[in-house]
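Here's the structure, in structure tokens; my notes come after.
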Amino acid sequence: MTSIDTPGVAASDGSPRLVRDVVCGFCGLGCDDLEIEVSGRAVRARGTVCPEAAKLFLRRGEEPDRSASRAGEACSQDDAASAARDILAAARSPLIAGLGADIDGGRAIVDLAATFGGVLDHSASVGLFRNFAATQRTGWLASTLAEVRNRCDVLLVVGDDPTSAFGRLFERLYPADPLFAKSRRVIFLGAAPGERALKQLDGVAVSHLPASDPVAALEALNGLVAGRRITGETIGGVPLPALADTAAALQGAAYAVATWNAAEFAEGDLVAERVTALIDALNVTTRAGVFPLGGRDNIIGINQLLLWRLGYPLRTAIRGGVSAHDPDLFAAANAVKDADVLVWVSAFRPEPPPASLVEDFAGKIIVLGHPDTPFDRDPDVFIPVGTPGIDHAGTVFRMDSIVSLPLGALRVATLPGVAEAVRRIAGAVA
Amino acid sequence: MRLRLKGGRVLDPANGENGVASGATRDIEVEDGRIVAASDARADEEIDLGGDVVMAGGIDLHSHIAGGKMNLARLLMQEDRRAYPELTGAFCGCGGGRAVPTAHATGCRYAELGYTTVFEPAMLGANARGAHLEMADIPNLDTGAYLVLGNDDYILRLLAAGAGQEQINAYVGWMIEATQAFAVKIVNPGGINAFKFNARWMNLDEANPHYEVTPRKVLTTLIRAVTELGVPHPIHLHGCNLGVPGNEETTLATIRAAEGRRLHLTHLQFHSYGTEGDRKFSSAAARIAELVNASPNISVDVGQVMFGQTVTASADYMSQYRNRGLASPKKSIGMDIELDAACGVVPFEYRDKSFVNALQWAIGLELFLLVEDPWRIFLTTDHPNGGPFTTYPHLIRLLMDRDFRNAQLATLNKAAQAHTMLGEIRREYSLEEIAILTRAAPARILGLKDKGHLGAGGVGDVVVYREDADREAMFSKARYVFKNGRMIVKDGEIVDLARGTTHVLRPAYDRSSIEGDMQRWFDDAIGLKANHFRIADGELRGGAGPTILTCEGEGL
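Going line by line, the protein sequences match chains A and B. All residue numbers in the first sequence are consecutive under this note's numbering, ending with 430. All residue numbers in the second sequence are consecutive under this note's numbering, ending with 986.
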């Protein structure tokens with residue numbers, strides 16, 4: 001086996017090669033130390049890798065690429081692009097959703113929306129907008145990965161064990177030798193940490209408060225930090241003494257951090273708001289930050305792009321050369337009710353448009369997707385696209401919205417990337 | 431492609447030409463994007479200027495136009511975007527906003543004023559890739575960015591360990607190259623870092639609670655580093671104690687701390703406050719201007735406050751956290767970032783009836799009028815922190831028209847009027863001085879030899895203004911703007927979009943001494959590979975890459 005460090009450089013003799021320091025763009029955590037074995041068209045992760053990355057990097061390389069299609073009938077990429085263009089040209093109100101694309105793909109999508117009009121929303125935006133409900137009202141005080149990694153001495157994890165969605169989170173947050181944290185404690189407020197989390201938290205003091213109602217428990221923590229008298233034996237399922245101990249630990253911390261994944265709670269906006277208030281209160285006397293989890297399929301990058309291009313986050317409509325933003329009206333689940341065409345983009349994973357979007361949808365559907373995307377009902381146009389970080393180089397943002405990472409290409413692309421496929425659709429428009 | 435602009439009054443202070451004073455007119459020719467000597471050759475396009483004033487494209491050396499903090503500001507201040515929707519017309523269907531305009535609107539509004547080059551003055555290394563992605567989407571402007579250093583744990587760790595200057599220089603060189611930066615900015619030297627250790631204040635000689643390094647040490651070490659690396663622009667300093675009454679002493683001490691080496695003090699207005707009077711807030715502009723006048727190594731930009739709603743965005747989380755109680759509307763964002771720096775975003779409304787805001791306005795103008803050398807002072811509002819850049823024409827009129835200025839002053843908070851000497855200052859800027867402040871001087875201090883002037887070999891960024899006694903009207907809408915010889919503005923309206931370039935600096939530095947240590951630092955502390963932190967040339971400007979200025983330091 002050849003071993004090289006530079007992604008995108010093929011071994012000349014065609015033998016399997018090991019590519020080191022591969023960047024993973026799937027969950028938003030931004031691991032960039034993966035080892036990937038590439039052999040011809042086959043791609044496989046080796047060594048330290050989370051289950052999701054192992055699954056999403058895997059390419060057996062045996063079958064030919066799936067062809068583009070119209071209503072399930074194979075056609076050329078050009079014919080598919082032309083059919084998509086005809087559909088969009090006749091559309092009154094397109095919804096462009098999914099948006100699983102790298103930054104350059106996102107740029108092409110925004111241009112497409114500017115040309116044909118359309119509502120823009122990402123498949124993972126539910127959690128993001130629960131957080132924005134808090135951010136846009138009061139703002140918040142936040143932290144990023146390297147700060148948590150080195151400074152955080154007390155971490156409050158609200159909700160479920162995040163390891164299932166962010167497989168290496170605690171490994172990334174808890175290196176063997178942090179620069180500043182003198183002690184390390186993690187308090188799970190919600191579900192108990194699983195085995196994988198505990199393994200990554202080796203050497204860290206872990207406690208678990210089995211909150212059945214995290215919002216109520218957070219309210220009590222806010223009260224305790226504010227010095228209010230709280231009564232009751234348990235609050236939100238947590239014994240009051242345990243909450244008091246947690247409040248004291250947070251106040252006594254040199255750098256406290258609270259983390260949660262708003263996508264997992266129906267009341268995620270309330271969790272975000274209560275955590276924001278808690279961190280705000282802690283900063284009066286010590287230092288603290290929120291560290292919200294999320295960031296799947298470059299949602300943060302696409303959101304950033306929209307902010308600088310359109311001045312609005314996701315859930316924005318472009319019509320007649322003017323953008324408008326409405327976090328409810330232009331959420332895909334609502335916008336689909338007024339849409340006559342759905343364009344679904346999902347380059348990172350074989351994910352068809354969700355049933356909730358398409359089951360009652362009578363309009364035309366165009367999918368730019370992973371070649372393995374399964375469909376219950378064939379879309380009107382399907383354009384298979386390559387995966388950023390496997391077939392194409394590109395840029396994705398990490399969940400903290402500050403750091404962005406360069407994805408490399410691991411093999412020669414046989415499919416267009418999202419940017420190319422979208423520009424091909426828009427191409428012939430005068 | 432040859433463009434001939436016929437019969438303009440050329441105002442080109444860099445080359446000592448003042449057609450406005452002499453009344454002489456001449457032709458300007460641009461061939462394939464560059465200014466050439468006037469000729470008889472057939473031109474592809476010829477425009478009769480009829481004696482209009484011709485200047486080089488404007489250069490703003492300090493305006494926050496890209497990077498994560500601007501996107502946080504956009505997210506927080508959707509009100510700003512809603513209040514300023516897209517302009518009609520084929521070229522402005524993509525964005526709006528005033529305090530934090532979109533990339534597209536930034537490029538268009540600047541071009542209408544006659545600016546063709548703008549520098550983002552606070553790019554964090556951790557966010558550099560994002561800032562470059564955003565700059566690539568700004569039309570009509572060339573851009574560049576100053577890298578924020580001096581609060582990063584890497585350099586503070588080196589200083590605490592007593593590292594030699596050579597090691598610091600290698601680090602600075604590595605970082606400038608890796609982040610595709612053009613110069614080095616220090617924001618509240620060491621203070622942002624100290625806030626992470628819960629310090630709430632930081633004076634010039636106060637030790638960092640963890641590293642025991644002082645802001646003075648950070649400042650003097652980095653001044654030496656850019657000097658020895660040969661970085662054309664001096665250290666671009668946002669000093670300690672921004673916005674704090676009495677910070678005049680810190681500012682004066684900071685100027686002296688440079689010990690004769692070149693140093694640029696940015697948004698000086700926010701650092702020129704005394705504590706005299708009933709309200710313990712007063713102007714220190716005269717004292718500070720006096721020392722600036724006596725210190726030829728010092729340059730400044732003002733950061734003028736302009737009344738109205740804006741949003742302040744700064745890497746100085748320590749100061750922004752302190753000021754967040756003043757937020758209007760009441761919301762703000764703060765963020766500690768990547769062992770690197772931080773940011774704070776606080777919406778703000780400067781009110782003419784507020785004593786403090788009115789005095790801030792007056793202090794800024796006092797500085798403009800009391801600093802004597804127009805080559806060492808630059809026209810900025812620290813966009814958007816003191817006010818949006820679209821207020822520049824109004825600011826120019828304030829500088830050029832004493833009656834207008836005093837009439838404005840008379841409408842402000844009465845107590846503030848009593849606390850400023852502004853009404854007694856007779857100075858009025860000339861057009862030539864405005865051309866120096868906004869063109870010739872920024873090009874010179876940035877080391878951009880082919881910009882800011884209209885001599886042969888210069889970049890074909892040419893602006894034509896129709897002279898108007900109302901200087902605000904004159905500078906609000908350029909008659910023509912040419913970017914690399916291509917018309918992008920006519921009669922104050924955008925008529926075309928040009929793709930700009932990004933200026934980056936490539937210093938020579940000792941790679942061998944630093945590369946291995948940077949890789950270890952990123953692996954162990956940051957949790958990111960140094961190779962992924964580093965930005966490739968092809969990542970800039972949609973694959974077009976940067977415009978590179980190389981520099982050779984001393985002893986390399």
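Using N, Cα and C, we set each Cβ at its ideal position, and we do this for glycine too.
- As the crow flies, the alpha-carbon of residue 282 of chain A is around 15 Å from that of residue 754 of chain B.
- With a beta-carbon spacing of about 17 Å, residue 488 of chain B and residue 915 of chain B fall beyond the 8 Å limit used to define contacts.
- If only complete runs of 3 or more residues are kept, the stretch 687 to 753 of chain B shows the beta strand (DSSP E) at 693 to 695, 728 to 731 and 738 to 744, in order along the chain.
- For residue 762 of chain B, the CB contacts under 8 Å within the same chain, skipping 5 residues up- and downstream, are 506, 750, 754, 774, 775, 776 and 777 in chain order.
- Residue 289 of chain A places its beta carbon less than 7 Å from that of residue 142 of chain A.
- The beta-carbon separation of residue 291 of chain A and residue 148 of chain A, rounded to 6 Å, stays under the 8 Å limit for a contact.
- Following the DSSP letters along the chain, one finds residue 308 of chain A inside the alpha helix (DSSP H) bounded by residues 299 to 310.
- Within its own chain, the residues whose Cβ lies closer than 6 Å to the Cβ of residue 419 of chain A, once the five positions on either side in sequence are excluded, are 104, 105 and 108, listed in chain order.
- A Cβ-Cβ contact shorter than 7 Å links residue 302 of chain A with residue 122 of chain A.
- Annotated as proximal: residue 858 of chain B and residue 832 of chain B, with beta-carbon spacing under 7 Å.
- Residues of chain B whose Cβ lies closer than 8 Å to the Cβ of residue 172 of chain A are, in chain order, 957.
- Straight through space, the alpha carbons of residue 120 of chain A and residue 888 of chain B are spaced by roughly 43 Å.
- Out of A/324, A/276 and A/362, the CA that lies nearest to the CA of residue 341 of chain A is found in A/362.
- Rounded to the nearest angstrom, the Cβ distance from residue 581 of chain B to residue 620 of chain B is 6 Å, consistent with a contact under 8 Å.
- Every unbroken stretch of the beta strand (DSSP E) spanning 3 or more residues and falling wholly within the stretch 240 to 325 of chain A is given here in chain order: 255 to 260, 287 to 290, 316 to 319 and 322 to 325.
- The beta carbon of residue 338 of chain A sits closer than 6 Å to the beta carbons of 93 from its chain, once the five residues preceding and following it are set aside; these are given in chain order.
- Each residue's CA atom was taken as its position, placing residue 476 of chain B and residue 467 of chain B some 15 Å apart.
- Taking 8 Å as the upper bound on Cβ-Cβ separation, chain A lies near residues 530, 531, 532, 533, 534 and 535 of the stretch 529 to 552 of chain B.
- Fewer than three beta-carbon pairs drawn from the stretch 44 to 60 of chain A and the stretch 70 to 79 of chain A are found closer than 8 Å, and the two stretches are therefore not classed as touching.
- For residue 605 of chain B, the enclosing alpha helix (DSSP H) stretches over residues 595 to 609.
- If the five residues before and after residue 456 of chain B are omitted, its C-beta is found closer than 8 Å to the C-beta atoms of 437, 438, 440, 449 and 468, all from its own chain and listed in chain order.
- Using a C-beta cut-off of 8 Å, the stretch 695 to 709 of chain B makes no contact with the stretch 646 to 654 of chain B, since fewer than three inter-stretch Cβ pairs fall below that distance.
- If you look at residue 78 of chain A, you'll find it in the alpha helix (DSSP H) that goes 77 to 89.
- When C-beta atoms of the stretch 592 to 606 of chain B are compared with those of the stretch 526 to 543 of chain B, fewer than three pairs fall below 8 Å, so the two segments do not count as touching.
- Taking residue 129 of chain A as reference, the option from A/413, A/377 and A/264 with the minimal CA-CA separation is A/264.
- Within the stretch 123 to 146 of chain A, the residues whose Cβ lies closer than 8 Å to some Cβ of chain B are 132, 135, 136, 137, 138, 139, 140, 141, 142, 143, 144, 145 and 146, listed in chain order.
- Linking residue 373 of chain A to residue 68 of chain A through their CA atoms gives a straight-line distance of about 12 Å.
- Against chain A, the beta carbon of residue 927 of chain B has no neighbour under 7 Å; the closest one sits roughly 13 Å away.
- In this structure, residue 275 of chain A and residue 248 of chain A do not form a Cβ contact; the two beta carbons are roughly 18 Å apart against a cut-off of 8 Å.
- Inside the stretch 314 to 401 of chain A, DSSP marks whole alpha helix (DSSP H) runs of 4 or more residues at positions 332 to 335 and 355 to 358, from first to last along the chain.
- Around the C-beta of residue 412 of chain A, fewer than 16 other C-beta atoms lie within 10 Å, and the residue is accordingly described as exposed.
- Per the coordinates, the alpha-carbon of residue 547 of chain B lies some 21 Å from the alpha-carbon of residue 981 of chain B.
- Under the 10 Å beta carbon count, residue 315 of chain A is surrounded by 16 or more other beta carbons and is classified as buried.
- Our two residues, residue 584 of chain B and residue 951 of chain B, have alpha carbons roughly 8 Å apart in a direct line.
- The bridge partners DSSP lists for residue 549 of chain B are B/574.
- Out of A/427, A/117 and A/29, the CA that lies nearest to the CA of residue 90 of chain A is found in A/117.
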